[in-house]
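Asks: In the working numbering, the protein residues as written are 1 to 245. This is the structure I want to talk about, given as structure tokens.
Take a look at the structure:
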């Protein structure tokens, strides 16, 4: 299937590692001109070189206004952003009573305001061109509360409402926005949380952690021309781990 992404300009937040890297790689393979961002340093430059990314932008999405500046810089250098992949780091783990107000504020900035600022900055150009794709990478925690991930559970659920609301406003302009909800995938984040394949696999019907490229394939489809009639959706990629339906 031709995804129709040749020549499209894509910006992938958090594209230097993990799921973001896999998505950026999938978009490059589809012929898109891809920009990636992360906090910077050698890791970002190395990832950009490996991917063949057109642009690597150092950006700390935990800082207020950073996502807006990131989109503006990418637009200035690439001439526009046709595909925006919102992918930010997970907030601190912990039970409700153990978390501080500062941790909640940091989580809100990273998960919520980075998404809001980035989307707001990208939408005008997409609407003007009558074509655009926003893919929000969130988590299974948006649908089902996960143990010890209180901030993630609380904030990510609301992002699904944001996706649906925005999708209704921009669909008439040829712009879609969808959320991808990864379950347990083999990434550095899972290692940090102590969620190894040995520990988690028995809970997953597929009996294994997901591969980042499997999630990336879904994201790339949602960014594609053939997915033009898919919008406002929240798609779980979890090997069947979600208990609800």
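For glycine and all other residues, C-beta sits at the position ideal for the given N, C-alpha and C. Since the model is a prediction, treat every value here as computed from it, not as a measurement.
1) Curious, which full-length beta strand (DSSP E) runs of at least 3 residues does the region 114–201 contain?
2) Along the alpha helix (DSSP H) that carries residue 222, what are the first and last residues, could you check?
3) Could you pull out every residue in the same chain whose Cβ sits closer than 8 angstroms to the Cβ of residue 173, ignoring the five residues on either side in sequence?
4) What are the boundary residues of the alpha helix (DSSP H) that includes residue 81?
5) CA-CA distance, residue 23 and residue 95?
6) DSSP three-state call for residue 10: helix, strand or coil?
7) Would you list the residues sitting across from residue 34 in a DSSP beta bridge?
8) So, residue 227 versus residue 26, is the Cβ gap smaller than 7 angstroms?
9) Write down the C-beta distance between residue 119 and residue 85 rounded to the nearest angstrom, noting that I regard them as a contact closer than 8 angstroms.
10) Please tell me whether residue 35 and residue 55 are closer than 7 angstroms, where the distance is taken between their beta carbons.
11) From the DSSP output, in three-state form, read off residue 56 for me.
Replies: Once the coordinates are examined:
1) 132–137, 175–182
2) 212–222
3) 126, 127, 130, 132
4) First-last for residue 81: undefined, no H or E at that position.
5) 31 angstroms
6) strand
7) 10
8) no
9) That pair is no contact at about 11 angstroms.
10) yes
11) strand
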